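K.L.:
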Amino acid sequence: MGPGLPDGQGVVSSDLRTVADGVSNRSGSRRAALLSAATAAIAALLNIDATTVSTSAPFNDLGLGSLQLARLTAHLEDAMGVEVSLTALYDHPDIEQLVEYLAMR
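In structure tokens:
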């Protein structure tokens, strides 16, 4: 119980803070997993090392043309376990933007 708070009110706010922290941690873990999966999928498609893939470079700057972007959707769906439309790749044209979009779904 906090100073000046009715009995139990401090416990509720503490419980909500714990729940919010858990959601934030899960969200951060999901983003990290999606980022890793997207980077690995693009590296596999381009046949390069994943550590060399820039997460902020536009897909076309990474060397991905229209046909490769279409293939990338399948790679990403397999790697991430979520549906990724071709339109999403154009609306969110780099890994970081795409991961942010997918993490919010």
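If you want my numbering, it's the position in the sequence shown, counting the first as 1, plus 39. Where a beta carbon is used, it is the ideal one built from N, C-alpha and C, also for glycine. In this text the structure is predicted, and so the values were computed from the model without any measurement.
1) With distances taken Cα to Cα, identify the nearest neighbour of residue 103 among 116, 128, 69.
2) Using only the alpha-carbon positions, how far apart do residue 54 and residue 131 sit?
3) Using a 10 Å radius around the Cβ and a threshold of 16 neighbouring Cβ atoms, would you call residue 90 buried or exposed?
4) With a CB to CB cut of under 8 Å and the five nearest residues on each side skipped, what residues in its chain are close to residue 101?
5) Does the beta-carbon of residue 89, which I'm using as the reference point, lie nearer than 7 Å to any heavy atom of the ligand PLP?
P.N.:
Walking through what the data contain:
1) Taking the first residue of the sequence shown as position 1, residue 103 is located at position 64. Checked all of 116, 128, 69; the closest Cα to residue 103 is 128.
2) Position 15 of the sequence shown, counted from the start, is the residue given in the question as residue 54. Position 92 of the sequence shown, counted from the start, is the residue given in the question as residue 131. Residue confidence for residue 54 is low, a pLDDT of 49 falling below 50, so the modelled location carries little weight; the figure read from the coordinates is stated next. Approximately 36 Å between the Cα atoms of the pair.
3) The residue given as residue 90 occupies position 51 in the sequence shown. In summary, residue 90 is exposed, with fewer than 16 beta-carbon neighbours lying within 10 Å of its beta-carbon over all protein chains present.
4) Working through the sequence shown from its first residue, we reach residue 101 at position 62. These residues qualify, in order along the chain: 81, 85, 92, 93.
5) Within the structure as shown, the ligand PLP is missing, as the structure has no ligands at all.
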